[in-house]
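In this note's numbering, the protein residues as written are 7 to 328.
A virtual CB, placed ideally from N, CA and C, is assigned to each residue, including glycine.
Remember, predicted model here, so these are calculated numbers, not experimental data.
A quick write-up on the structure given underneath.
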């Protein structure tokens with residue numbers, strides 16, 4: 007568990023993502039990066055003293071106890087991403103995409119610490135891997151723990167993983183999510199080990215998503231993720247993008263909903279992000295099942311630009327054994 011390797015910081019409540027983004031924006035406006043990087047973003051001044059040791063992540067885990075899987079919030083999230091209700095022996099089972107949203111503010115509180123050695127605004131979301139091992143019932147209380155791991159070089163900058171864990175009151179782990187982020191143009195010691203992406207060949211589509219200009223705001227309203235790159239053209243362009251883009255976890259959650267994991271099944275869910283989805287826009291989607299008729303073992307999914315044939319995301323959902 008995280009507490010075995012990190013100092014634990016217990017937060018009184020789940021922090022507000024709006025406040026965390028405001029903190030990140032204030033740090034960016036100050037033009038400072040924490041100490042510990044061998045390079046810095048263009049135009050940045052050297053960091054003031056008091057940051058992390060060279061190349062180091064803060065060795066802390068943020069913890070919030072008794073976080074409720076809220077029924078109304080869960081229902082609104084599932085409606086937005088198209089996830090149907092799943093009933094189990096104890097009641098409605100929580101959708102895995104919602105559990106990511108539940109844990110995300112605690113993860114963001116680690117990313118926005120003063121001693122976190124990467125700039126948060128402008129980070130690129132590269133990938134996610136989730137292990138959903140235990141059924142979580144809507145209305146249940148969970149403990150959320152988040153920490154940062156594996157600061158390492160990337161061919162385009164520096165990469166880091168943020169790990170969020172959900173556990174029951176008795177300590178039983180039920181859900182673990184690992185999110186990988188890239189800070190472009192920031193350098194840390196070492197050699198990049200990331201391999202170039204394989205050429206994407208679009209499969210036969212099983213459907214199309216027609217996303218409106220308000221898709222980012224709709225998802226922000228149910229996830230709490232009010233990152234300005236997802237809200238409007240002007241706010242996205244102010245951060246260097248061509249226009250508003252959809253949340254990566256909106257796409258991943260919607261694809262997971264379409265896979266339709268059987269209720270009560272433990273599974274591993276992965277996604278890799280490529281080109282962002284500009285809003286409004288159309289996404290071609292393919293869901294491929296492996297042995298659904300003989301008992302579901304897993305699925306693959308992909309989303310791409312049907313005109314340019316460029317991938318937006320690819321992923322897998324696989325049953326966990328044992």
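At which residues does the alpha helix (DSSP H) containing residue 113 begin and terminate? Here residue 113 corresponds to residue number 107 of the chain shown, with the count starting at 1. Element bounds for residue 113: 102 to 117.
Could you check if residue 213 is buried or exposed, using at least 16 other CB atoms within 10 Å of its CB as the buried criterion? Start at 1 with the first residue of the chain shown, and residue 213 comes out as number 207. With fewer than 16 other Cβ atoms within 10 Å, it is exposed.
Helix, strand or coil: how does DSSP classify residue 160 here? Your numbering for residue 160 matches position 154 in the chain shown. Three-state result, residue 160: strand.
To the nearest angstrom, how far is it from the Cα of residue 313 to the Cα of residue 217? As a first step, residue 313 must be located in the chain shown, where it is residue number 307. As a first step, residue 217 must be located in the chain shown, where it is residue number 211. Between residue 313 and residue 217, the C-alpha separation is close to 15 Å.
Just to confirm my understanding: we take residue 167, look at its own chain, exclude 5 residues before and 5 after, and list those with CB closer than 6 Å. What are they? Here residue 167 corresponds to residue number 161 of the chain shown, with the count starting at 1. The residues are 155, 156, 184 and 186.
Collapsed DSSP secondary structure at residue 63 in the structure displayed: Numbered from its first residue, the chain shown carries residue 63 at position 57. The answer is coil: DSSP assigns residue 63 none of H, G, I, E or B.
Rounded separation between residue 148 and residue 269 - CA only: Along the chain shown, one-based indexing puts residue 148 at 142. Along the chain shown, one-based indexing puts residue 269 at 263. Distance between the alpha carbons of residue 148 and residue 269: 20 Å.
Using a threshold of 8 Å, state whether the C-beta atoms of residue 182 and residue 169 are closer than that. Against the chain shown, residue 182 aligns to sequence position 176. Against the chain shown, residue 169 aligns to sequence position 163. For residue 182 and residue 169, yes; Cβs fall inside 8 Å.
Segments of 3+ residues assigned as beta strand (DSSP E) that fall wholly inside the stretch 143 to 229: The DSSP assignment places 147 to 160, 163 to 173, 179 to 190 and 213 to 217 as complete runs of the beta strand (DSSP E) inside the stretch 143 to 229, in order along the chain (cut-off: 3 residues).
Rounded C-alpha distance that separates residue 21 from residue 246: Position 15 of the chain shown, counted from the first residue, corresponds to residue 21. Position 240 of the chain shown, counted from the first residue, corresponds to residue 246. When rounded, the distance between both Cα atoms is 27 Å.
Beta-carbon proximity of residue 83 to residue 107, cut-off 8 Å: Position 77 of the chain shown, counted from the start, is the residue given in the question as residue 83. Position 101 of the chain shown, counted from the start, is the residue given in the question as residue 107. Contact: yes.
Go to residue 329, then tell me how far its beta strand (DSSP E) extends in each direction, as first and last residue. The structure shown does not extend to residue 329, since the chain is modelled only from 7 to 328, so the question has no answer here.
Can you tell which of 95, 70 and 202 has the C-alpha that lies nearest to the C-alpha of residue 153? By 1-based counting over the chain shown, the position of residue 153 is 147. That would be 70, whose Cα lies nearest to the Cα of residue 153.
Counting along the chain, where does the alpha helix (DSSP H) carrying residue 30 start and finish? The residue you call residue 30 lines up with position 24 of the chain shown. Residue 30 -> alpha helix (DSSP H) spans 23 to 35.
Nearest-angstrom Cα separation, counted from residue 254 out to residue 190: Here residue 190 is taken as the residue at index 184 of the chain shown, counted from 1. Here residue 254 is taken as the residue at index 248 of the chain shown, counted from 1. Rounded to whole angstroms, residue 190 to residue 254 spans 18 Å at the Cα level.
Which residues does DSSP pair with residue 290 in a beta bridge? Mapped onto the chain shown, residue 290 falls at position 284. DSSP, once it has assigned bridges, lists 214 and 310 as partnering residue 290.
Is it buried or exposed, residue 25, if we count other Cβ atoms within 10 angstroms and call 16 or more buried? Position 19 of the chain shown holds residue 25. So residue 25 counts as exposed.
Whose CA, out of 310, 127 and 292, lies closest to the CA of residue 236? Residue numbering aside, residue 236 sits at position 230 when the chain shown is read from its first letter. It is 127.
Spatial distance of residue 173 from residue 321 (CA atoms): One-based indexing of the chain shown puts residue 173 at position 167. One-based indexing of the chain shown puts residue 321 at position 315. Taking the straight line joining both Cα atoms gives about 25 Å.
Am I right that residue 263 and residue 112 are in contact with their C-beta atoms under 8 Å? What's the rounded C-beta distance? Reading the chain shown from its first residue, position 257 is the one you call residue 263. Reading the chain shown from its first residue, position 106 is the one you call residue 112. Contact between residue 263 and residue 112 is absent: CB atoms are separated by about 24 Å, not below the 8 Å threshold.
Those runs of the beta strand (DSSP E) which lie wholly inside the stretch 256 to 286 and span at least 3 residues: For the stretch 256 to 286, whole beta strand (DSSP E) runs of length 3 or above, ordered along the chain, are 273 to 279.
Starting from residue 14, trace the beta strand (DSSP E) in both directions and tell me its first and last residue. As a first step, residue 14 must be located in the chain shown, where it is residue number 8. According to the DSSP assignment, residue 14 belongs to the beta strand (DSSP E) that extends over 13 to 16.
Using a 10 Å radius around the Cβ and a threshold of 16 neighbouring Cβ atoms, would you call residue 171 buried or exposed? Along the chain shown, read from residue 1 onward, the residue named residue 171 stands at position 165. By the 10 Å Cβ count, residue 171 comes out buried.
Whole-angstrom distance between residue 142 and residue 7, CA atom to CA atom: Here residue 7 is taken as the residue at index 1 of the chain shown, counted from 1. Here residue 142 is taken as the residue at index 136 of the chain shown, counted from 1. Confidence is the limiting factor: at residue 7 the pLDDT is only 45, short of 50, which leaves the residue's position unreliable and the question unanswerable from this model.
In terms of residue numbering, what span does the beta strand (DSSP E) encompassing residue 75 cover? Taking the chain shown and counting its residues from 1, one reaches residue 75 at position 69. Looking at the DSSP string, residue 75 is not in any beta strand (DSSP E), and its letter there is neither H nor E.
Please return the same chain residues whose Cβ sits closer than 6 Å to the Cβ of residue 295, not counting the five positions on each side in sequence. Translated into positions along the chain shown, residue 295 becomes position 289. Same-chain partners within the cutoff: 305.
Using a threshold of 8 Å, state whether the C-beta atoms of residue 258 and residue 319 are closer than that. Looking up residue 258 in the chain shown gives position 252. Looking up residue 319 in the chain shown gives position 313. Going by C-beta atoms, residue 258 is nearer than 8 Å to residue 319.
Quick one: is residue 40 buried, meaning 16 or more other Cβ sit within 10 Å of its Cβ, or exposed? Working through the chain shown from its first residue, we reach residue 40 at position 34. Confidence is the limiting factor: at residue 40 the pLDDT is only 39, short of 50, which leaves the residue's position unreliable, though a coordinate-based value still follows. Buried.
Which stretch, first to last residue, makes up the beta strand (DSSP E) that contains residue 94? Within the chain shown, the letter at position 88 stands for residue 94. It spans 92 to 94 - the beta strand (DSSP E) in which residue 94 sits, taken as one unbroken run.
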